[in-house]
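Position 104, counted from 1, in the sequence shown is what my numbering calls 157; the numbers after and before it change by one each time, with no gaps. From the three backbone atoms N, C-alpha and C, an ideal C-beta is built for every residue, glycine too. Structure, as structure tokens:
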Amino acid sequence: MSDAPINPEEVAAAPKPTAKVRSLEDAHVDELLHLVVKQKASDLHVATGLPPVLRVHGKLLQAPYESFTSAVSQRMIYDILTDEQIQKFESTFELDFSYSLGHFTAPQLKGPGKRALPPPPQDLLVDRNPER
54 MSDAPINPEE VAAAPKPTAK VRSLEDAHVD ELLHLVVKQK ASDLHVATGL
104 PPVLRVHGKL LQAPYESFTS AVSQRMIYDI LTDEQIQKFE STFELDFSYS
154 LGHFTAPQLK GPGKRALPPP PQDLLVDRNP ER
């Protein structure tokens, strides 16, 4: 999620979702992050009073959700924090944490009956002048 401030006028001017707008009441942050991956977005902007906003190829795009309320924002964040992190946040109003979603792997290069392509020569750690 981006911590850069987002301009409500920019969001209002962003393309509206074509899909049915859904409630955030029962949504989990993973649902939004999956949307980020699906849309190949670089950022997810979250602000109370605005719907989730994706930045795709430098342009803002409203996600198909209702606007965030402060209660929904807090619940979504608290859902992914430990009890200790919640206590720290509530006492200092600051928290530095990271959250990751799933495990991404490269596509399979070798399958049954197929050979894997070798890496290009420049990627190999080979002495190009062995007689030195």
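Taking C-beta to C-beta, are residue 64 and residue 103 nearer than 8 Å? yes
Assuming contact is defined by CB atoms lying nearer than 8 Å, are residue 148 and residue 140 in contact in what I supplied? no
Could you compute how far the alpha carbon of residue 79 sits from the alpha carbon of residue 61? 24 Å
Pairwise C-alpha distance: residue 152 and residue 162: Interpretation of residue 162 is limited by its pLDDT of 41, a score under 50 that renders its predicted location unreliable; no figure is taken from the coordinates.
Which of the three DSSP states is assigned to residue 91 in this structure? helix
Could you give the uninterrupted runs of the beta strand (DSSP E) lying entirely in the stretch 95-148, keeping only those of 3 residues or more? 96-98, 106-109, 112-115
If you measure between the beta carbons of residue 73 and residue 115, is that distance less than 8 Å? no
Residues near residue 109 in its chain [Cβ-Cβ closer than 8 Å; skip 5 each side]: 92, 93, 94, 95
Exposed or buried, which one is residue 90 when buried takes at least 16 other CB atoms within 10 Å? exposed
Using the Cα positions of residue 71 and residue 111, report the straight-line distance between them to the nearest angstrom. 19 Å
Can you give the Cα-Cα distance for residue 166 and residue 130, rounded to whole angstroms? With a pLDDT of 46 at residue 166, under the threshold of 50, the modelled position of this residue cannot be trusted; read the value that follows with caution. The alpha-carbon atoms of residue 166 and residue 130 are separated by roughly 47 Å.
In or out: residue 77 buried (at least 16 other Cβ within 10 Å) or exposed? buried
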